[in-house]
Structures are given as C-alpha cells and as structure tokens.
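Okay, so here's the structure we're looking at.
In the working numbering, the protein residues as written are 6 to 107.
Given below as structure tokens:
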C-alpha cells in the first residue's frame with residue numbers, strides 16, 4: 006500500500022515500508038489553476054509578512070528608527086494590519102482546498 010500527497014510545491018508518495026519519494030512539479034503550466042493561485046498567494050503572503058516584520062521592528066518601543074511616539078504607534082498598528090492581511094492570504098488557499106475536498 007502507498008499513500009500519496011500533493012502539495013503546492015511537490016507531490017510525495019509514501020510506501021508501506023516507510024520510504025518516501027517526493028518530486029517537484031515539472032512545469033508551472035501543468036499545474037491546476039487552484040495550485041497556481043495557492044503558490045502565488047503564498048509567495049505574496051511571505052513578502053507582505055516580511056514587510057510587516059520590518060515595520061514592526063521600526064515601530065518597536067526599543068528602537069530609535071522613529072522618534073515621534075504617535076508615529077511609532079501608527080507604524081505598529083500598520084504592521085499589525087499587514088500581518089492580518091498576510092494571514093488572510095495564507096488562509097485563502099487553505100479554505101479553497103478544503104472546500105474542494107469536502
């Protein structure tokens with residue numbers, strides 16, 4: 006018996022012996038549209054998350070990047086909103102796949 010998994014980056018097969026073989030998808034064009042969208046949304050979420058981290062570091066109370074306290078708090082709130090957006094962008098492909106399976 007074998008179990009197969011298909012992810013957004015590669016597909017894997019696990020044999021009954023416990024051996025696992027993974028293969029990266031050959032072509033981006035061969036993927037279904039939902040996998041292409043999941044890949045794109047994941048990459049966008051990572052980039053936006055990195056932006057949120059940089060803003061959070063700049064707006065932190067222990068940094069001197071921004072002198073004004075009100076500006077610092079606005080940057081902190083903005084980084085929080087960016088983290089929420091990144092989380093939603095990660096959640097969209099998960100919900101999309103769950104909807105397709107169920």
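Built from N, CA and C at the ideal position, the CB exists for glycine as well.
If you're wondering where the values come from, they're calculated on a predicted model, not measured in any experiment.
Based on Cα-Cα distance, which residue from the options lies nearest to residue i?
i	options	result
residue 31	25, 78, 16, 23	16
Please list, in chain order, all residues of the same chain as residue i whose beta carbon is under 7 Å from its beta carbon, the five residues on each side excluded.
i	result
residue 60	80, 83, 84, 87
Could you tell me whether the Cβ atoms of residue i and residue j are closer together than 7 Å?
i	j	result
residue 13	residue 40	yes
residue 26	residue 7	no
residue 77	residue 57	no
Residue i to residue j, Cα distance in whole Å?
i	j	result
residue 89	residue 62	16 Å
residue 106	residue 73	50 Å
residue 33	residue 22	31 Å
residue 18	residue 71	51 Å
Tell me which same chain residues have a C-beta within less than 8 Å of the C-beta of residue i, skipping the five on either side of it?
i	result
residue 53	87, 90, 91, 94
Count the C-beta pairs between the region 90-105 and the region 38-46 that are closer than 8 Å, then say yes if the count reaches three, no if not.
Counting C-beta pairs with one atom in each stretch, the region 90-105 and the region 38-46 have three or more that are closer than 8 Å, which means they touch.
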